[in-house]
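Asker:
Residue numbers (the numbering used here): 2 to 414.
(1) Hey, residue 132 and residue 53: beta-carbon distance below 8 Å or not?
(2) Give me the Cβ distance between residue 311 and residue 295, rounded to the nearest whole Å; I'm assuming they're in contact under 8 Å.
(3) Could you please give me the residues that DSSP links to residue 406 through a beta bridge?
(4) Distance, Cα to Cα, residue 325 vs residue 332?
(5) DSSP state of residue 281, grouped into three classes?
(6) Where do the N-terminal and C-terminal ends of the alpha helix (DSSP H) with residue 274 fall, by residue?
(7) Where do the ends of the beta strand (DSSP E) carrying residue 306 lie?
(8) Mark residue 50 as exposed unless 16 or more other C-beta atoms lie within 10 angstroms of its C-beta, in which case mark it buried.
(9) In or out: residue 99 buried (at least 16 other Cβ within 10 Å) or exposed?
(10) With burial defined as no fewer than 16 other Cβ atoms inside 10 Å of the residue's Cβ, what is the status of residue 243: buried or exposed?
(11) Taking residue 164 and residue 136 to be in contact with their CB atoms under 8 Å, please state how far apart those CB atoms are, rounded to whole angstroms.
(12) If we count Cβ pairs, one from each stretch, closer than 8 Å, do we get three or more for the stretch 279-286 versus the stretch 213-231?
(13) Which term fits residue 297, buried or exposed, when burial requires 16 or more other beta carbons within 10 angstroms of its beta carbon?
(14) Let me confirm a value: residue 299 is counted as buried when at least 16 other C-beta atoms fall within 10 Å, else exposed. Which label applies?
(15) Sort 254, 377, 43 by Cα distance to residue 363 and report the nearest one.
(16) Return helix, strand or coil for residue 297, following the three-state DSSP convention.
(17) I believe residue 342 touches residue 400 by the beta-carbon criterion, under 8 Å. Please report the beta-carbon distance rounded to the nearest angstrom.
(18) Run through DSSP, which three-state label would residue 237 get?
(19) In this structure, how does DSSP classify residue 398 when only helix, strand and coil are distinguished?
(20) State yes or no: is the C-beta of residue 386 within less than 8 Å of the C-beta of residue 356?
(21) Count the other CB atoms within 10 Å of the CB of residue 87; is the residue buried (16 or more) or exposed (fewer)?
(22) What do you reckon, are the CB atoms on residue 134 and residue 57 nearer than 8 Å?
(23) Any idea what DSSP makes of residue 258, helix, strand or coil?
(24) Out of curiosity, what's the CA-to-CA distance linking residue 156 and residue 247?
(25) In whole angstroms, what separates the C-alpha of residue 39 from that of residue 125?
(26) Please state whether the Cβ-Cβ distance between residue 169 and residue 194 is less than 8 Å.
(27) Give the secondary structure of residue 322 by DSSP, where H, G and I count as helix, E and B as strand, and everything else as coil.
(28) List the endpoints of the continuous alpha helix (DSSP H) containing residue 352.
(29) Where does residue 80 land, buried or exposed, given buried means 16+ other C-beta within 10 angstroms?
(30) Excluding five sequence neighbours on each side, which residues of the same chain lie with their C-beta closer than 6 Å to the C-beta of residue 215?
(31) How many angstroms separate the CA atom of residue 25 from the CA atom of residue 55?
(32) Indicate the three-state DSSP secondary structure (helix, strand or coil) for residue 194 in the structure shown.
(33) Closest Cβ-Cβ distance between residue 321 and chain D: below 8 Å?
(34) Alpha carbon to alpha carbon, how far is residue 220 from residue 203?
(35) With DSSP run on the structure shown, which of helix, strand or coil describes residue 87?
(36) From which residue to which residue does the beta strand (DSSP E) around residue 171 run?
Okay, here's the thing in structure tokens:
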């Protein structure tokens, strides 16, 4: 057998596709990129392999230094640095020429012509197309303080939402006009996370119409915005003007709404105001939930879902909804028994009031002046109330026996 010629390059593309794919699977991200950029054929082979990435981020911090970060595993991360260069303009769907590719400390430094933000999007779309990336793993990140000299609306208008599922904005301030444009144009299936300051005068009906939302500054959000939520998965409002009374209004609307509004809603209530959970759950039928003293579960009137409410330190309210499955199957019967117990107590109070009133009037001789028929009628009412009282007491005792057994069922699962 002839000795292996170490100087001779390994002809990877001469192998069958399955063998090539196995080799590529064991490459790091930067190695896969180098292979894809080497030729049209290599690019096609990489595309056909459907190699997955854990995340893909386009970070727009400075025009001269946008960064594309691709993560495959926790220890397999590749940053692509895009720098302004007037040597050549990159066109859509074009392979980045090898002569403009330079390896730099394990990352890549790609030169391309400056002038339009859409060039950044074209390059990121190209790299994205080489891998299989779920929509919500592709993010655009804008650092507004570093983009202060740029037209933010112009940047937003260039972004490609067909494959990207998330927009993140940090630092700086978002003016009303920019926010209006963003909410007008952003597709409803894109996740929106804004940590920048938002103009207080902003008002938009689509403010809470995205699956995942974070507004670090949310004092511009109204109770009507909260009621407009539909099919949201996770919403976080980190600074608001809402009070416990507002949360109760939301819960009343939510429990009667036939549509699913949200899976989880986190609201930090208004600062410098004392907030009391009792003001929220007053007259509600609730059950203690979890180990927190301010955590309760309740039934919804028209949906298959259960709701929970929790008040945490820092005036943070968390509302969640979930299906009645597993250990939670026993919750609805418990809440129904609690509701029935509440109704019985109200009936019992009315009976006690009527019995006491009759006894007082009888002792005062009120009925001595009345006809025999009226006396007998009132005595019949008195006896019926006594019988009803015994029935209520019996039903209440039965409820008190059932409740501990049902509660134990939830603990066993």
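For glycine and all other residues, C-beta sits at the position ideal for the given N, C-alpha and C.
Keep in mind the model is a prediction, meaning the values are calculated, not measured.
Answerer: So, to answer that:
(1) Result yes, Cβ atoms of residue 132 and residue 53 sit closer than 8 Å.
(2) Contact flag correct, Cβ pair sits at about 6 Å.
(3) Paired residues: none, contrary to the question.
(4) Inter-residue distance for residue 325 and residue 332 is about 8 Å (C-alpha atoms, whole angstroms).
(5) Here DSSP, grouped into helix, strand and coil, assigns residue 281 to helix.
(6) For residue 274, no alpha helix (DSSP H) run applies, since DSSP gives it neither H nor E.
(7) Where residue 306 is concerned, the enclosing beta strand (DSSP E) stretches over 306-313.
(8) Taking a 10 Å sphere around the C-beta of residue 50, we find 16 or more other C-beta atoms and assign the residue as buried.
(9) Bear in mind that a pLDDT of 48 at residue 99, under 50, signals an unreliable position, so the model cannot answer this.
(10) It counts as buried.
(11) Contact between residue 164 and residue 136 holds: CB atoms are separated by about 6 Å, below the 8 Å threshold.
(12) In short, these stretches do not touch, since the Cβ pair count stays below three.
(13) Buried.
(14) Counting Cβ neighbours within 10 Å, residue 299 comes out buried, since at least 16 surround it.
(15) Of the listed residues, the one whose Cα sits closest to residue 363 is 377.
(16) Note: residue 297 maps to strand in three-state DSSP.
(17) 5 Å between Cβ atoms; contact.
(18) Correct three-state label for residue 237: strand.
(19) In the structure shown, the three-state DSSP call for residue 398 is helix.
(20) For residue 386 and residue 356, yes; Cβs fall inside 8 Å.
(21) Unreliable placement is indicated for residue 87, whose pLDDT of 46 sits below 50; the coordinate value is still reported in the next sentence. That one is exposed.
(22) Here residue 134 is near residue 57, since their CB atoms are less than 8 Å apart.
(23) Correct three-state label for residue 258: coil.
(24) Between the alpha carbons of residue 156 and residue 247 lies a gap of roughly 37 Å.
(25) Cα-Cα distance, rounded: 18 Å.
(26) For residue 169 and residue 194, yes; Cβs fall inside 8 Å.
(27) The answer is strand: DSSP assigns residue 322 an E or B state.
(28) From DSSP, the alpha helix (DSSP H) with residue 352 extends over 332-364.
(29) Residue 80 comes out buried.
(30) Sequence-distant partners of residue 215 (beyond 5 residues in either direction) whose C-beta falls short of 6 Å from its own C-beta, in its chain, are 194, 237.
(31) Within the model, the alpha-carbon separation for residue 25 versus residue 55 is close to 16 Å.
(32) Strand at residue 194.
(33) Going by chain labels, chain D is absent from the structure shown, which holds only one protein chain.
(34) Taking the Cα positions, residue 220 is about 10 Å away from residue 203.
(35) Note on residue 87: pLDDT 46, under 50, position unreliable in the model; the coordinate value appears next. Correct three-state label for residue 87: coil.
(36) Taken as a continuous stretch (DSSP letters only), the beta strand (DSSP E) holding residue 171 covers 167-171.
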